[in-house]
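Each remark here refers to the structure printed beneath this line.
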Amino acid sequence: MAKVISITNQKGGVGKTTTAINLSAALAEANQKILLVDFDPQINATTGLGVELDDDDKTIFDAIHDANKTKNIITNDVIKNLDVLPGSIELSSLESELLNKENRESALKNVIDTVRDDYDYIIIDCPPAVGVLTVNALVASDACIIPVQCEYFSLEGLNQVLNAIELIRSNMNPNLKIEGLLFTMYDARTRLGQDVVSMVKGNMDVKIFETMIPRNIRLAEAPSNGMSILDYDSSSIGADRYRKLAGEILRNSEV
24 MAKVISITNQ
34 KGGVGKTTTA
44 INLSAALAEA
54 NQKILLVDFD
64 PQINATTGLG
74 VELDDDDKTI
84 FDAIHDANKT
94 KNIITNDVIK
104 NLDVLPGSIE
114 LSSLESELLN
124 KENRESALKN
134 VIDTVRDDYD
144 YIIIDCPPAV
154 GVLTVNALVA
164 SDACIIPVQC
174 EYFSLEGLNQ
184 VLNAIELIRS
194 NMNPNLKIEG
204 LLFTMYDART
214 RLGQDVVSMV
224 KGNMDVKIFE
234 TMIPRNIRLA
244 EAPSNGMSIL
254 DYDSSSIGAD
264 RYRKLAGEIL
274 RNSEV
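Counting from 24, one number per residue, gives the positions in the sequence shown under the numbering used here.
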């Protein structure tokens with residue numbers, strides 16, 4: 024049965040989708056069977072892996088309305104061992120649609136439960152907000168990864184994310200764990216990056232990944248080519264770091 028991990032942060036531009044795509048690809052490269060679920064209305068995880076959708080193609084939006092159709096909606100073998108449940112801009116209307124529904128927090132969990140036995144890991148790319156969609160993702164998850172950009176402003180919303188996770192753990196999903204904080208866009212040459220890392224390590228009582236994701240132009244270029252960094256530039260420092268992050272995830276799962 025798959026371990027389900029959400030990639031979440033209420034702040035945009037912190038490397039959330041980059042991490043969802045490239046962690047998925049690195050785990051797939053390590054011979055794990057992976058499903059990447061694009062649950063962000065911006066659908067960047069879908070397009071970032073080169074999945075092209077026609078107007079009549081089914082998406083996660085359709086799966087939410089009929090979970091039994093999920094297996095037929097998944098795009099298989101986008102790369103070896105990696106399937107994608109495509110996102111939809113229609114997700115932006117799902118929040119208001121779900122508000123009046125019973126068990127609205129479990130809509131995504133119902134979808135994932137239909138395919139959970141088919142994978143080793145299911146990675147969910149969440150929208151940059153702690154709304155109904157992100158709550159659904161966290162209710163469906165065993166764990167979450169919180170990307171933290173190495174800038175002071177990125178710390179402002181971190182406590183809010185941690186508080187939201189604690190609320191969900193207390194009220195809806197007692198098994199939810201924080202897999203770790205992941206420092207992104209790290210530049211070891213700057214004092215700012217080092218200060219942010221030191222500040223978080225000194226003040227946050229939460230697991231932090233040893234791996235840090237650097238600022239890297241190849242990482243930024245890969246999605247516009249519809250490729251993970253492992254396929255776009257396998258020898259780049261970005262590819263190396265996501266392989267190391269995947270290694271940490273695999274070791275955590277063995278514990």
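Glycine included, every Cβ here is placed at the ideal spot set by N, Cα and C.
As the structure is a prediction and not an experimental result, all values here were calculated from the model.
- By the criterion of a C-beta distance shorter than 8 Å, I272 is surrounded in its chain by I28, L46, L50, Y144 and E202, once the five residues flanking it on both sides are discounted.
- Between the stretch 240 to 258 and the stretch 223 to 231, the count of C-beta pairs closer than 8 Å stays below three; the two stretches do not touch.
- With respect to the 8 Å criterion, C173 and V220 are classified as neighbours on the basis of their beta carbons.
- Ranked by how close their Cα comes to the Cα of D80, the residues D140, S116, I97 and G36 have I97 in first place.
- Going by beta carbons, P170 and L114 fall outside the 8 Å limit.
- Closest in C-alpha terms to P151, from the list Y265, N67 and V138, comes N67.
- For K56, there is no enclosing beta strand (DSSP E), as DSSP gives it neither H nor E.
- Secondary structure note for G249: it is in no beta strand (DSSP E), with a DSSP letter that is neither H nor E.
- Beta-bridge pairing by DSSP links F206 to V171.
- The Cβ-Cβ distance between V158 and I135 does not fall below 8 Å.
- Excluding residues up to 5 positions away in sequence, P109 and S111 lie with their Cβ nearer than 6 Å to the Cβ of T82 in the same chain.
- Given a length threshold of 4 residues, each whole run of the alpha helix (DSSP H) inside the stretch 133 to 200 is given here in chain order: 155 to 163 and 181 to 194.
- Residue pairing by DSSP places T98 opposite V107 in a beta bridge.
- Checking the DSSP bridge columns, you'll see V27 partnered with I145.
- Under the three-state reduction of DSSP, I231 is assigned to strand.
- For S257, there is no enclosing alpha helix (DSSP H), since its DSSP letter is neither H nor E.
- Taking C-beta atoms under 8 Å as the contact rule, K34 and G180 qualify, at a distance of about 5 Å.
- The beta carbons of V107 and L76 sit no closer together than 8 Å.
- Looking at the DSSP output, P237 sits in a beta bridge with Y209.
- K34 carries a coil assignment under DSSP once its states are collapsed to helix, strand and coil.
- Just so you know, the alpha carbons of E128 and R139 end up roughly 18 Å apart.
- Nearest Cα to K132 within the set D141, L121 and S164: S164.
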